[in-house]
Each structure stands twice: as structure tokens, then as C-alpha cells.
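Keeping their order, the protein sequence lines are chains W and L. Taking this note's numbering, the leading residue of the first sequence gets 1, the next gets one more, and so forth. Taking this note's numbering, the leading residue of the second sequence gets 192, the next gets one more, and so forth.
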Amino acid sequence: MKELSLHLLDVAKNSFTAGARHVEIILEEDDAGWLTITIRDDGRGMAPEFLARVTDPFTTTRTTRKVGLGLPLYRLTAEQTGGSLDIESEVGVGTTVTARFQRRHLDCPPLGDMAGTIALLIQGSPDVEVLYRHTTPRGTAELSTEELKEILGEDVSLAEPEIFAWMQDYLTEQEEQAAVEVPPASLQGGF
Amino acid sequence: MKSLEELKAIRAKMKAQMEVRDNDENTIRVVVGMATCGIAAGARPVMTAFLDEVERRGLKNVSVSQTGCIGLCRLEPVAEIFVPGEEKVTYAKLTPDKVPTIVEQHLVNHNVVTDYTVGAYE
């Protein structure tokens with residue numbers, strides 16, 4: 001995957017398939033280049049045995065194939081930057097996946113298109129409530145489906161192409177204002 | 192600057208259109224594979240391109256949705272198109288620049304774009 005946002009799109013989809021009613025996607029960036037991505041859901045959760053091997057590529061809930069690469073690739077990407085992946089989960093309560101990335105690390109992919117990612121997640125599961133917040137030292141990009149539904153009412157779905165286009169444009173503007181320039185990766189100590 | 196106020200205007204416009212919307216039996220469905228394989232191969236911009244193109248053309252009888260892995264990982268990004276009364280068509284190795292052609296030819300004019308279908312790659 002060439003962007004962190006693509007990993008996020010892939011991993012966050014698990015929350016929706018786990019039957020969550022609420023999904024929170026929180027990105028926090030600090031002055032030192034650390035980015036923490038938290039995906040929190042109230043889906044069905046995982047049993048301790050499953051949780052223990054969930055980042056093993058040969059662990060999956062699907063029945064058609066024995067491979068699941070979303071979380072293993074996410075963990076690998078986080079660890080390659082000097083960061084980490086933590087997963088907390090409880091059956092019947094939900095799951096929280098927290099990943100830390102050092103954005104200045106040479107191996108850290110760019111964040112990529114967060115606006116498109118969030119808009120697509122919402123478009124794909126219009127009945128789930130999504131709260132998105134991306135905080136950087138420069139500002140905050142934010143979107144809440146509960147807020148959108150208050151305006152749209154019952155009969156206009158968040159899956160409609162018109163609403164998708166609005167969400168994408170709205171978030172793109174907010175992301176541009178909050179975006180932090182990541183200094184070129186330091187080569188010291190390497191090569 | 193995009194605002195929540197603007198969303199209210201979109202809502203009013205859409206509510207007016209909804210009265211004339213075709214019923215579900217006539218809806219053309221576009222389904223894009225968005226599992227790990229699809230996303231890694233570039234399904235996100237393809238999905239976005241379908242939504243943008245449907246919105247731009249104001250097609251009211253088309254629904255665009257996402258699905259998991261269809262089992263053609265090496266041919267991703269893949270999209271399936273279901274036109275009522277016609278056979279399902281599977282497009283493979285899609286890129287955003289192919290999407291407007293598919294929307295115009297297949298969704299509007301009902302001509303399958305055979306150069307982009309799975310058959311062209313198998």
C-alpha cells in the first residue's frame with residue numbers, strides 16, 4: 001500500500017463488518033512527527049485466542065480463503081517507521097486499534113487521501129455513525145455523520161453520489177488547512 | 192468554502208428529485224471490490240471516479256456500492272455491473288481514466304466496453 005490512508009481504509013472496514021453501530025477514526029499528529037491513528041468501534045469484538053493471532057496473515061474470519069492481510073500489513077508499516085500497533089478487544093463490547101507512525105522516517109508512506117478514504121467509508125456503510133477527527137499542530141479536520149444526518153433527515157442517504165461528493169470536497173478543504181508538511185526523511189545513521 | 196449550509200441546499204434538491212426516481216427494479220448496480228487486494232491495486236480512486244461520474248451526469252437510476260474480495264485478486268481493481276434484464280459484466284484492471292467511458296458506454300448507452308472486461312485479460 002502506497003498511502004497510510006489506504007491501510008486505514010482497509011483496517012477500518014473490519015469495524016463495519018464486525019457489526020459496529022459507531023466507529024471513531026481519530027488521527028493525532030504532534031510536533032515531533034508522530035502520528036497516532038485510533039480506530040474504535042462497538043462491534044462484536046474478538047475473543048482473546050483470536051486477538052492473540054489476529055496480526056498473523058493466516059488468521060481471518062472469512063471462510064472462502066485462509067489469508068487475511070489487512071492487519072499484518074498495517075502492523076508491518078507501523079513498525080517499519082519505529083512505531084507500533086496495539087489492539088484491544090472485548091467480545092460484545094468492541095475493538096480499538098491504535099497505530100503509531102513516525103512520519104519523518106524514511107519508510108513511512110505519505111498519509112495520502114484522507115478525505116476520499118473517510119467519504120468512501122461513510123458511503124459504503126451509510127447506517128453506521130462515523131466520527132472522524134484529524135488533529136495536527138496547524139488545525140483540525142472533522143466530520144460527524146450524526147451531524148450530517150440531522151441536516152439531511154431520514155430520507156437522503158449518505159450513500160448518494162451527491163452526498164459523497166460533498167463529503168469529499170468538505171473534508172479535502174479541511175485537510176488542506178490542517179495539513180502539516182513533513183520534513184524530508186533524515187538519512188543520518190543509515191546507508 | 193464548503194459548509195453544512197450547502198448540505199441543506201443539496202438535501203432540498205435531492206428531495207425534489209426523489210419523487211421522479213425510478214423504482215428499484217430498474218436500478219443499475221455498480222459494485223466495486225474493496226478488500227485488501229482491491230485497495231492495494233487502486234480501487235479507491237476507481238470507486239471515487241464512478242461516484243463522481245454518476246453525480247456529474249446526474250444518473251438517477253444507478254447505485255454504486257462496495258464489496259469485499261470477488262476472488263480475482265490479480266485482476267483488481269474489479270467492478271461488476273448489473274443492468275436489469277442483462278447479463279452481469281465484470282470489468283478488470285480498472286483505472287479512474289477508464290471509468291467515464293464505462294459510464295457513458297455501458298450505463299447510459301448499454302454497450303459493454305469489451306476491451307476492459309475480464310474476458311480481455313483472461
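Beta carbons are placed, not taken as given, at the ideal position from N, Cα and C, and that holds for glycine.
Measuring only the C-alpha atoms, how far is residue i from residue j?
i: residue 134 of chain W; j: residue 174 of chain W; result: 9 Å
i: residue 235 of chain L; j: residue 139 of chain W; result: 26 Å
i: residue 111 of chain W; j: residue 280 of chain L; result: 34 Å
i: residue 191 of chain W; j: residue 282 of chain L; result: Summary for residue 191 of chain W: the model assigns pLDDT 45, below 50, so the residue's position carries little reliability; its value from the coordinates is reported in the next sentence. So the alpha carbons of these two residues sit roughly 44 Å apart.
i: residue 118 of chain W; j: residue 313 of chain L; result: 34 Å
i: residue 250 of chain L; j: residue 85 of chain W; result: 43 Å
i: residue 165 of chain L; j: residue 252 of chain L; result: Outside the shown range of chain L (192 to 313) lies residue 165 of chain L, about which nothing can therefore be said.
i: residue 237 of chain L; j: residue 228 of chain L; result: 14 Å
i: residue 36 of chain W; j: residue 215 of chain L; result: 42 Å
i: residue 304 of chain L; j: residue 288 of chain L; result: 13 Å
Taking 7 Å as the limit between beta carbons, can you name the residues of its chain near residue i, skipping five residues before and five after?
i: residue 189 of chain W; result: Low per-residue confidence applies at residue 189 of chain W: pLDDT is 48, beneath 50, and the placement is therefore not dependable, though the value from the model is reported in the following sentence. Around residue 189 of chain W: no qualifying Cβ.
i: residue 66 of chain W; result: 58, 60
Sorted by chain position, which residues of the same chain lie with C-beta nearer than 6 Å to residue i's C-beta, five sequence neighbours on each side aside?
i: residue 87 of chain W; result: 97
i: residue 55 of chain W; result: 71, 72, 75
i: residue 159 of chain W; result: 123, 126
i: residue 81 of chain W; result: 101, 102, 105, 107, 108
i: residue 144 of chain W; result: 131
i: residue 220 of chain L; result: 254, 273
Are the C-beta of residue i and some C-beta of chain W separated by less than 8 Å?
i: residue 197 of chain L; result: yes
i: residue 206 of chain L; result: yes
i: residue 284 of chain L; result: no
i: residue 227 of chain L; result: yes
i: residue 293 of chain L; result: no
i: residue 219 of chain L; result: no
Any C-beta of chain L sitting closer than 8 Å to the C-beta of residue i?
i: residue 170 of chain W; result: yes
i: residue 35 of chain W; result: no
i: residue 4 of chain W; result: no
i: residue 70 of chain W; result: yes
i: residue 116 of chain W; result: yes
i: residue 190 of chain W; result: Residue placement at residue 190 of chain W cannot be trusted, given a pLDDT of 47 that sits under 50; the coordinates are not used to answer.
i: residue 131 of chain W; result: no
i: residue 42 of chain W; result: no
Excluding sequence positions up to five away, which residues of its chain have a Cβ less than 8 Å from the Cβ of residue i?
i: residue 45 of chain W; result: 18, 89, 90, 91, 92, 93, 94, 95
i: residue 207 of chain L; result: none
i: residue 146 of chain W; result: 129, 131
i: residue 47 of chain W; result: 91
i: residue 69 of chain W; result: 57
i: residue 179 of chain W; result: 136, 138
i: residue 309 of chain L; result: 263, 266, 269, 281, 282, 283
i: residue 79 of chain W; result: 85
Using the beta-carbon of each residue, which ones in chain W are nearer than 8 Å to residue i?
i: residue 246 of chain L; result: 161, 162, 164, 165
i: residue 202 of chain L; result: 151, 152, 153, 156
Who are the neighbours of residue i on chain L, taking C-beta pairs under 8 Å?
i: residue 173 of chain W; result: 192, 193
Listing by chain order, which chain L residues have their CB less than 9 Å from the CB of residue i?
i: residue 123 of chain W; result: 238, 242, 255, 256, 257
i: residue 120 of chain W; result: 225, 235, 238, 239, 242, 257
i: residue 1 of chain W; result: 227, 230, 231
Mind pulling the chain L residues with CB within less than 7 Å of residue i?
i: residue 9 of chain W; result: 230, 235
Listing by chain order, which chain W residues have their CB less than 9 Å from the CB of residue i?
i: residue 261 of chain L; result: Ordered by position in chain W, no residue passes the 9 Å Cβ test against residue 261 of chain L, which lies about 10 Å from the chain.
- Query: Relative to chain L, which residues along the stretch 144-167 of chain W have a C-beta separation below 8 Å, given in chain order?
  - Reply: 147, 148, 151, 152, 153, 155, 156, 159, 160, 161, 162, 163, 164, 165, 166
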